[in-house]
Amino acid sequence: PDPKAPASKAFTAFAIEADNQGLIRGRKEWNMGQRASDTRGITFEDMRVPAANVL
């Protein structure tokens, strides 16, 4: 990655299924006042994203 790249070029958005190999879901965070929101950390470990999934 180029640290001097503008934000419009520095990030890539994609959509994947939650059971994708290489996607690791962290523990659920307990949000005060937002219990309907499933908030947790995620880790991508050697995960491949098909070009068709890049937004």
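Per the UniProt record's numbering, residue 1 is the first one in the sequence shown, and the count goes up by one each step. All C-beta atoms, glycine included, are put in the ideal place defined by N, C-alpha and C.
Query	Result
What is the DSSP secondary structure of Lys-4, counted as helix, strand or coil?	coil
To the nearest whole angstrom, what separates the beta carbons of Arg-40 and Gly-26, a pair I think is in contact under 8 Å?	5 Å
I believe Ile-24 touches Thr-43 by the beta-carbon criterion, under 8 Å. Please report the beta-carbon distance rounded to the nearest angstrom.	4 Å
Excluding the 5 residues preceding and the 5 following Lys-28 in the sequence, name in chain order all residues of the same chain whose CB lies nearer than 8 Å to its CB.	Asp-38, Thr-39, Arg-40
Whole angstroms is fine: what's the gap from Leu-55's alpha carbon to Arg-35's?	29 Å
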